[in-house]
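Encoded as structure tokens, the structure appears first; notes follow it.
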Amino acid sequence: MEWEKNNEIKELQSIERIMPGVASNTLSDESLYIDEESLKSIYHIKNVDSISRYNLQKIFIVVIHEKNDNYFLYHKRDAKIAFEKFRIYGEYNKNHVKDPKYLSIPVKLSRIQVQVMIEQGVCLLCQRYVKEECKGQVLIPVDIPPEEVIKKNAIAAVKGRKRKAVQNLVSVICNEQNLENQDNKNYDKSTSFDVSTEEVEEAIEELKNKLCQQRRVVKEGTFEYNFYGCYYLPCELPPNQDTDIQRYGSKLKVFRDLWRKGFWLVDGYKFGGDYLAYDKIPVGNHSRFIVNISPSSKNITPLELIAALRIATQVKKELLLVITDNESLCKNMLFYSFFKSLVGREIVVELKNDIGMSGILQSVDQYLNVKLDQVQVLDPERFPHLITAKNCFIRGSTVRYIQLNPKNVDTELLHNATRKEMTAPVTK
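Taking our numbering, I'd label the letters of the sequence shown as residues 147 to 574.
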């Protein structure tokens, strides 16, 4: 048993070393970024100028936030990159199932999946708004070919009609025996037909009318309406509406950890778990683990454990039981929420390589990765190469300390948090 356990640990460690290659290679592939023009013309996103230049250069995917805390991918390109490059497998549209399934848009994502992608800085979250002229219904346009293509098709159509008329005339005049003659067979092919300008213009107008007739009217509430009748504005991840914050935080921590180890994670409620963890592509393969998350404060009875193991055995999977520490989670979330309240305020950051800079805090995550705008280097003579920097992204692992302006700090909140942390070991 000990030997098998060691083998499993080594295998998980090897997966952890191998995994990040796909994501890191993707981040270095600039061909996958969405440029500013595409955000405006293809994704119908307004106020693109409000996105910082640093963030604008790192967008792979656009996620749409809908009502009731729902998140969707509306473009096949986004669904393909999310699946193939970032191992994000959402709930595909079962009404229009295509092969592969992950391209059956719109693809629905969970809040945790979206939050992890935002933490990695690879997606742009947008809110949908209805255009004034499209309320109730929208007329879906048809792509009109270039004028030269329409003209070429019109000339071919006019010649085809004349050739057809000659064939019909020959079939009426000639008897069946003469039609079998090879010369008569090839008459329409060898004969060239002249077309006038008026005939071509008439055919062009006819083709354009047919294209216009292909337009369809779709009503509000459909996916096509959301795609053609709306515009989108960049937004922040809204406040979490989950009533059990600790439970959500535990699931987020586990998702983030297993995802970084290289697993594909999907909802596991059908198998009585929190997640299904795949070590291979979910399409065409079975999951390896049923992931059950349990807080350290909860007692797991032998009956519950046996039931979970029985389910996993019956579906030929392994049970991965994850124990989370809710106390440390609460402390991290407390400090993170406190720091989050300083967004838009000026802070000073000193890095472990002695570089010091001040700037306006744009965003911060639970790893203390921060984004600064209006950056100023504190020692420009020592670090002249950073003088031109206007905004930057700083990894939390490189930060020595962050200095806050006392005017912006709620000292009472800090003192209470410090007292709780100091007394925590005593109460155990």
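We put the beta carbon where it would ideally sit given N, CA and C, even for glycine.
Mind checking which residues open and close the beta strand (DSSP E) that includes ARG87? The structure shown does not extend to residue 87, since the chain is modelled only from 147 to 574, so the question has no answer here.
Backbone secondary structure at SER170 - three-state DSSP: The pLDDT assigned to SER170 is 42, lower than 50, so where the model puts this residue is not dependable, and the model offers no usable value.
Beta-carbon spacing of VAL489, MET503 below 7 Å: no
Using the Cα positions of ASN355 and VAL346, report the straight-line distance between them to the nearest angstrom. Straight-line Cα distance between these residues: approximately 14 Å.
Closest by C-alpha distance to GLU382, when choosing among ASP425, TYR424, SER509 and PRO448: SER509
Straight-line CA distance for VAL209 to ASP525? 40 Å
Does DSSP classify PRO246 as helix, strand or coil? coil
Can you tell me the Cα-Cα spacing of LEU430 and PRO448, whole angstroms? Reading the sequence as shown, one finds Gly at residue 430 and not Leu. So the alpha carbons of these two residues sit roughly 34 Å apart.
In this structure, what does DSSP give as the bridge partners for TYR378? Beta-bridge pairing links TYR378 to ILE191 and ARG274.
For PRO526, name the three-state secondary structure that DSSP assigns. coil
Please state whether the Cβ-Cβ distance between GLY236 and LYS213 is less than 7 Å. Not closer than 7 Å, so no.
If we ignore side chains and look at the alpha-carbon of each, how far apart do PRO385 and LEU178 end up? Going from the Cα of PRO385 to the Cα of LEU178 covers about 30 Å.
Just verifying my parser: in three-state terms, what is the DSSP assignment at ARG393? helix
Let me make sure I understand the geometry here. Which of VAL412, VAL400 and LEU507 has the alpha-carbon closest to that of HIS577? With the chain covering 147 to 574 only, the question about residue 577 has no answer from this structure.
Going by DSSP, name the residue or residues bridged to ILE436. LEU422 and LEU465
Taking the alpha helix (DSSP H) that VAL208 falls in, what are its first and last residues? Counting along the chain, VAL208 falls outside any alpha helix (DSSP H), though it belongs to the beta strand (DSSP E) covering 207-212.
For GLY505, is the classification buried or exposed, using 16 other Cβ atoms within 10 angstroms of its Cβ as the cut-off for buried? buried
At the level of alpha carbons, what is the spacing between SER443 and THR470? Linking SER443 to THR470 through their CA atoms gives a straight-line distance of about 9 Å.
If you follow the beta strand (DSSP E) that PHE218 is in, where does it begin and where does it stop? 216-219
Taking DSSP as the reference, what is the three-state secondary structure of ASP511? coil
Bridge partners - ASP519, DSSP secondary structure assignment: DSSP, once it has assigned bridges, lists ILE506 and ASN537 as partnering ASP519.
Can you list, in chain order, the residues of its chain with a C-beta nearer than 7 Å to that of LEU398? Leave out the 5 residues immediately preceding and following it. The residues are ILE258 and GLN261.
For ASN299, collect the residues of the same chain with a Cβ closer than 7 Å to its Cβ; drop the 5 residues on either side in sequence, then sort them by chain order. Sequence-distant partners of ASN299 (beyond 5 residues in either direction) whose C-beta falls short of 7 Å from its own C-beta, in its chain, are LEU353.
Would you tell me roughly how many angstroms separate the C-alpha atoms of GLY418 and ILE457, rounded to the nearest one? 8 Å
DSSP beta-bridge partners of GLU496: GLY502 and TYR547
Verify the CB distance criterion: does TYR275 have a CB-CB separation below 7 Å to chain B? In the structure shown, chain B does not exist; there is a single protein chain.
First and last residue of the uninterrupted alpha helix (DSSP H) at LYS222: 222-230
For the putative contact between GLN549 and ILE493, defined by C-beta atoms under 8 Å, what is the C-beta separation to the nearest angstrom? 7 Å
Exposed or buried, which one is ASP181 when buried takes at least 16 other CB atoms within 10 Å? By the 16-neighbour rule on beta-carbons within 10 angstroms, ASP181 is exposed.
Per DSSP, THR470 forms a beta bridge with which residues? PRO441
In the DSSP output, what is LYS139 paired with across the bridge? The requested residue 139 does not occur in the structure, where the chain is confined to residues 147 to 574.
Would you mind sorting ALA228 into buried or exposed? The rule is 16 or more other CB atoms within 10 Å of its CB. buried
Give me whichever residues DSSP pairs with VAL412 in a beta bridge. LEU422
Tell whether a beta-carbon distance below 7 Å holds between SER256 and TYR238. no
Can you name, in chain order, every residue of its own chain whose Cβ lies under 7 Å from the Cβ of PHE189, other than the five neighbours on each side? The question names Phe, but residue 189 is Tyr in the sequence shown. For TYR189, where only same-chain residues beyond five positions count, the Cβ hits under 7 Å are VAL208 and TYR378.
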